[in-house]
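Residue numbers (this note's numbering), protein chains in the order written: chain A, 55 to 276; chain B, 8 to 598.
Note that beta-carbon positions come from the ideal geometry of N, C-alpha and C, so glycine has one too.
Have a look at the structure below, then the notes.
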Amino acid sequence: MENIPADNSGQIDRRQALKWIGAAAAAAAVFPHASAQDRLAPPSASPGGKRIGWDPLLNKNYVPGDLWALTLTPKQRKAAASLTDLILPPDNPSDKLPSQLGVQAFIDEWISSPYDETAKDRPVITEGLDWLDAEAQRRFQKDFAELAEPQKCAIADDICGKTAVKKEFRSAQNFFNRFRYLAASGYYSTPQGWKDVGYVGNVPTLNFDGPTPEALKHLGLA
Amino acid sequence: MAIITEKDLQPNYDVIVVGSGAGGGQSAYTLTMNGVKVLMLEAGRNYDPVTETPMFQSKADAPLLGMGTREKPFGFHDATVDGGWEVPGEPYTQASTDPKQRFDWWRARMLGGRTNHWGRISLRNGPYDFKPYSRDGLGFDWPLSYEDVAPYYDKVEMLVGVYGSNEGLENTPDSPNGTLLPPPKARAGELYVKKHVAKFGIPVIPIHRAILSTRQDHVNFPARLHPNNPKAQKIIAKAMQERAACFWATDCGRGCSIKANYQSTTVHLPPALATGNLDILCNAHAREVTVGADGKANGVIYIDKVTGQERAVKGRAVILAASSGETARILLNSKSNRFPNGLANGSGLVGKYIMDTVGAGLGGSVPAFENLPVHNEEGAGTHVYIPWWLYKDASKLGFARGYHIEFGTGRRMPGLGTGGASPGYGKSYKEEVRQKYGAGIGFAGRGEMIPNEDSFCELDPTVKDKWGIPVLRFHWKWSEHETKQAAHMEATFAMMIEAIGGKTRTPQADGSKAIDTGGRIIHEVGGAIMGANAKKSVANQWNQCWEVPNLLLNDGSAFCSNADKNPTLTIMALAWRATDHLIEEMRKGNL
């Protein structure tokens, strides 16, 4: 994270954002223990699709699956969709569920990609989703997606890290942290996610008005 | 004349310009506006920001939310294509396996070169910056002064359009009234920093960037740029009217389809093409400069990258603006009986004294920024910065020279990592994400490196690129001046984050660990330094090679120091000045 490159101040924002993300990721992501990685095939075993390439068409809107095949099984995808909805429930009745926005497809794109940066997440996510269904079956005799919300919460509460996590749930906690990182990244990148978090940019304006009086007041600058 | 293919090449040109970025673009502009017939060779493909820029695409429209990858290191939507830290088939090598002696070389094989990827930060070197040796006995003085360059800074600022303000600070030059465009307002977090670091004597002022905050003065600027040249005035007036003012959205690093920011491809090349005096040949990778029996440059040999075949073009003069490293490489590869060690290399200094900028960074989270009332903070990237403020303390710092600080805050487009650090799930999790969104800050220092004997490039004795051309091998070493400066940056950033009530990690006291790898700031300059003495430099103050006066080095290669100010504006000013001189010499029949 220290060598995020280059001068660009249009990009200092992005570069710094990457650093903050790095710090956040370091704080939030707990990578899988070695045994989990040992058990799983490397990502190249299933993807095999194209890389981004050195001269891709930039002003095209890509969707997951455009460049490389998605690799979650239907069962894993169902569990992933259900967990995104649990983590990021709509605030308003008119809002869509994350699963309706396709957040699980982004997670699938991520863990199916041929890139080294994402490869370490593949075993964490796929094994974690399998565990989620197995745990749901163990406790409630149903797959995770079929559980009632209190049942889902019972499992999530044990692994989400809000309270002390028992030793036997450490791997599951690693999975949950990383899954939440990806689910939130995907969700907050959608127009609904922008609105949700209070991002109102990416619209052309005649003037840059600077901070509002309310913002200045908030900071003691008014 | 236009963007051409090989079959349309003329048998002879007045000047061949190698490279289409800031130096090449400015050179071609100045030449063609004065009626000189120019061929520009670009190693990469044709590239048109007007049609190719992803302007309003969201991160979700890119694979992997636009994550930086090997092929697109600054993220999917970054303007650079066919470039980055590596270029397929075009390797470079390191002399040492020690990571601290590594030099990472950024290249952009595309029309417009590295002007497609930069911060548009356009700071003038100050009077001290041209006479560093005289001030502290380190490095080299330039064979010119600020006063020599100032009129060209004025012209470049008017031509490309630079926003900023005049603050009257030491070694931070003002521009003549009416030259700069008004700076955008500071953001909330920027004002907050300004208020809380004032007690340290640290100034936060509007930055200068090559972005049109308003449209250019197409009525008055043309005559100031091109006195007594009505044709040039007419062409540039029209070109200025074809550029829109910034609409305060979209990332400048993606390029700009409305031409509100400076890219060579939207600012220098269109008017140059409109003169009818410019041919641009893309996919033409220059290998060497050819020399006639009289010892003067008379053309360029290039590889047609489409066919892989070697071709030659002829010109009365040659301007290299291929990027410092590539220019040094072309000179070193231009071997002949008369110039057995490479062209213009009688001093043995071609490839020597390469420099980058000292870089270090520190980020933090700022509780005061949490729950900031929602408003649009996007704007145009950086709006303010901190110029070097400790000129008076030079003797107490333990390192020479100084640095400026760029920093970023604000409620920017969410993407990878948004919400990543908050615990739990459900409504309470989302509430915390909302609270913390936009509550970060990042500081980056950009400081002066002093040229040293251990930082240079040379031809690798064995490795060649896919066309069989010998590649560069880099040697690199930071001196204590740079590493101590990097440690000073970290300590300063931590102090400022504390002053705004923020949280960060412990600053890195070991500057050799804090400093970014050589080359990573992409301010590569030097390698063919200018000087007043032909034995101790490659070029004179007019970027002319001492040994080959009709060969100019109009990129950063002739820089003999690398002030903390980002080099692009100075590259353009010096290229304009050198090209004016070339035209004059050609008119006089001296070349």
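Using a C-beta to C-beta distance shorter than 7 Å, which residues of chain A count as neighbours of Asp68(B)?
Counting from 1 along the second sequence, the entry for residue 68(B) is found at position 61. Those are Asn115 and Tyr116, listed as they occur along chain A.
At least three beta-carbon pairs within less than 8 Å, the segment 106–117 of chain B to the segment 554–572 of chain B
With a cut-off of 8 Å, the segment 554–572 of chain B and the segment 106–117 of chain B do not count as touching, because too few Cβ pairs lie within range.
On the three-state DSSP scale, how would you describe Ile209(B)?
Counting from 1 along the second sequence, the entry for residue 209(B) is found at position 202. Here DSSP, grouped into helix, strand and coil, assigns Ile209(B) to coil.
Relative to the alpha-carbon of Phe63(B), which residue among Ser220(B), Cys259(B) and Arg216(B) has its alpha-carbon at the smallest distance?
Position 56 of the second sequence, counting from 1, holds the residue named residue 63(B). Ranking the options by Cα distance to Phe63(B), first place goes to Cys259(B).
Tell me the rounded alpha-carbon separation between Ser186(A) and Gln195(A).
Position 132 of the first sequence, counting from 1, holds the residue named residue 186(A). Position 141 of the first sequence, counting from 1, holds the residue named residue 195(A). This sequence places Leu at residue 186(A); Ser is not what is there. One C-alpha to the other measures close to 12 Å.
Mind checking whether Val357(B) and Gly534(B) have CB atoms under 8 Å apart?
Here residue 357(B) refers to the residue found at position 350 when the second sequence is read from its first residue. Here residue 534(B) refers to the residue found at position 527 when the second sequence is read from its first residue. Yes, the Cβ-Cβ distance between Val357(B) and Gly534(B) is below 8 Å.
Over the uninterrupted beta strand (DSSP E) stretch that includes Arg297(B), give me the two end residues.
Indexing the second sequence from 1 puts residue 297(B) at position 290. What sits at residue 297(B) in the sequence shown is Thr, not Arg. Its beta strand (DSSP E) spans residues Ala291 to Val298.
Taking only three categories from DSSP, how would you classify Asp293(A)?
Chain A is shown only over 55 to 276; residue 293(A) falls outside these bounds and no answer can be derived.
Between the Cα of Ala506(B) and those of Gly133(B), Lys206(B), Ala69(B) and Pro150(B), spot the shortest distance and give me the residue it belongs to.
On the second sequence, position 499 is the one that residue 506(B) refers to. Here the closest residue by C-alpha is Lys206(B).
Along chain A, in chain order, which residues have C-beta atoms closer than 8 Å to that of Phe83(B)?
Position 76 of the second sequence, counted from the first residue, corresponds to residue 83(B). Close partners of Phe83(B) in chain A (Cβ separation under 8 Å): Ile106, Pro110 and Leu112.
Can you tell me where the beta strand (DSSP E) holding Pro477(B) begins and where it ends?
Along the second sequence, read from residue 1 onward, the residue named residue 477(B) stands at position 470. Counted as a single uninterrupted DSSP element, the beta strand (DSSP E) harbouring Pro477(B) occupies residues Pro477 to His482.
Please classify Asn344(B) as buried or exposed, where buried requires at least 16 neighbouring CB atoms within 10 angstroms.
Within the second sequence, residue 344(B) is the residue found at index 337, counting from 1. By the 16-neighbour rule on beta-carbons within 10 angstroms, Asn344(B) is exposed.
How many Å lie between Asn597(B) and Asn352(B) at the Cα?
Counting from one through the second sequence, the residue named residue 597(B) turns up at place 590. Counting from one through the second sequence, the residue named residue 352(B) turns up at place 345. The straight-line gap from Cα to Cα measures roughly 22 Å.
Where does Met502(B) land, buried or exposed, given buried means 16+ other C-beta within 10 angstroms?
Your numbering for residue 502(B) matches position 495 in the second sequence. Classification for Met502(B): exposed.
For the segment 210–223 of chain A, which residues have a CB atom closer than 7 Å to at least one CB atom of chain B, in sequence order?
Of all residues in the segment 210–223 of chain A, only Ala210, Cys214, Gly215 and Lys216 come within less than 7 Å of chain B when Cβ atoms are compared, listed by chain position.
Proximity to Pro191(B) [Cα-Cα], best of Asn284(B), His530(B), Glu384(B) and Pro394(B):
Within the second sequence, the letter at position 184 stands for residue 191(B). Put simply, of Asn284(B), His530(B), Glu384(B) and Pro394(B) the residue whose alpha carbon is nearest the alpha carbon of Pro191(B) is Glu384(B).
Does any residue of chain A have a CB that is nearer than 8 Å to the CB of Tyr269(B)?
As a working mapping, residue 269(B) is identified with position 262 in the second sequence. So, not an interface residue.
Relative to chain E, which residues along the segment 242–265 of chain A have a C-beta separation below 8 Å, given in chain order?
Among the protein chains in the structure shown, which are A and B, there is no chain E.
Could you name the residues that DSSP lists as bridge partners for Val307(B)?
Translated into positions along the second sequence, residue 307(B) becomes position 300. Under DSSP, Val307(B) takes part in a beta bridge, and its partners are Val296(B) and Val320(B).
Helix, strand or coil: which one does DSSP assign to Pro468(B)?
Counting from 1 along the second sequence, the entry for residue 468(B) is found at position 461. Of the three classes helix, strand and coil, the one that applies to Pro468(B) here is strand, per DSSP.
Where the alpha helix (DSSP H) through Arg584(B) begins and ends:
Along the second sequence, read from residue 1 onward, the residue named residue 584(B) stands at position 577. In the DSSP assignment, Arg584(B) falls within the unbroken alpha helix (DSSP H) covering Thr575 to Lys595.
Taking 7 Å as the line, does the beta carbon of Val204(B) fall inside it for any heavy atom of the ligand ADP?
With respect to small molecules bound, the structure shown includes none, and the ligand ADP cannot be examined in it.
Excluding the 5 residues flanking Arg232(A) on each side, which residues of the same chain have their C-beta closer than 7 Å to its C-beta?
Start at 1 with the first residue of the first sequence, and residue 232(A) comes out as number 178. Excluding positions up to five away in sequence, the list reads Ala83, Asp175, Val178 and Ile179.
Among Leu479(B), Pro278(B) and Glu377(B), the one whose alpha carbon lies nearest that of Ser330(B):
The residue you call residue 330(B) lines up with position 323 of the second sequence. It is Leu479(B).
Would you tell me roughly how many angstroms separate the C-alpha atoms of His390(B) and Ser402(B), rounded to the nearest one?
In the second sequence, the residue the question calls residue 390(B) occupies position 383. In the second sequence, the residue the question calls residue 402(B) occupies position 395. Taking C-alpha positions only, His390(B) is separated from Ser402(B) by approximately 31 Å.
Cβ-Cβ distance between Ala237(A) and Ile141(A) below 8 Å
For the purposes of this step, residue 237(A) is taken as the residue at position 183 of the first sequence. For the purposes of this step, residue 141(A) is taken as the residue at position 87 of the first sequence. Between Ala237(A) and Ile141(A), the CB-CB gap stays under 8 Å.
Quick check on this structure: which residue in Gln270(B), Arg418(B), Phe406(B) and Cys552(B) has the alpha carbon closest to the alpha carbon of Gly608(B)?
Since the first residue shown for chain B is 8 and the last is 598, residue 608(B) is missing from the structure and cannot be characterised.
For Trp122(A) and Met362(B), what's the separation of their Cα atoms in angstroms?
The residue labelled residue 122(A) in the question sits at position 68 within the first sequence. The residue labelled residue 362(B) in the question sits at position 355 within the second sequence. In a straight line, the C-alpha of Trp122(A) is about 41 Å away from that of Met362(B).
Of all the options Val57(B), Leu589(B), Lys491(B) and Asn290(B), which has the alpha carbon lying nearest to the alpha carbon of Gly315(B)?
The sequence position of residue 315(B) within the second sequence is 308, counting from 1. Checked all of Val57(B), Leu589(B), Lys491(B) and Asn290(B); the closest Cα to Gly315(B) is Asn290(B).
Identified DSSP bridge partners for Ala115(B):
Here residue 115(B) refers to the residue found at position 108 when the second sequence is read from its first residue. Listed as beta-bridge partners of Ala115(B) by DSSP are Gly90(B).
Is there contact between the segment 209–227 of chain A and the segment 153–172 of chain A, where contact requires at least three CB pairs shorter than 8 Å?
Between the segment 209–227 of chain A and the segment 153–172 of chain A, the count of C-beta pairs closer than 8 Å stays below three; the two stretches do not touch.
If you follow the beta strand (DSSP E) that Met47(B) is part of, which residue opens it and which one closes it?
If you number the second sequence from 1, residue 47(B) lands on position 40. Per DSSP, the continuous beta strand (DSSP E) segment holding Met47(B) begins and ends at Val45 to Leu48.
Beta-carbon within less than 6 Å of Ala580(B)'s beta-carbon, same chain only, minus the 5 sequence neighbours each way: which residues are those?
Along the second sequence, one-based indexing puts residue 580(B) at 573. Around Ala580(B), the same chain offers Val156, Tyr159, Tyr160 and Val163 as residues with beta carbons nearer than 6 Å, after the five sequence neighbours per side are excluded.
In terms of DSSP beta bridges, what is Ala600(B) paired with?
Because chain B in this structure spans residues 8 to 598, residue 600(B) falls outside the shown range and cannot be described.
Give me the subset of the segment 158–190 of chain A whose CB atoms are less than 9 Å from a CB atom of chain B, sorted by chain position.
With the criterion set as a beta carbon lying under 9 Å from some beta carbon of chain B, the members of the segment 158–190 of chain A are Phe160, Glu163, Trp164, Ser167, Tyr169, Asp170, Glu171 and Thr172, in sequence order.
Chain B partners of Glu145(A), CB-CB under 8 Å?
For the purposes of this step, residue 145(A) is taken as the residue at position 91 of the first sequence. The sequence as given places Asp at residue 145(A); Glu does not occur at that position. Result: Lys434 and Lys437.
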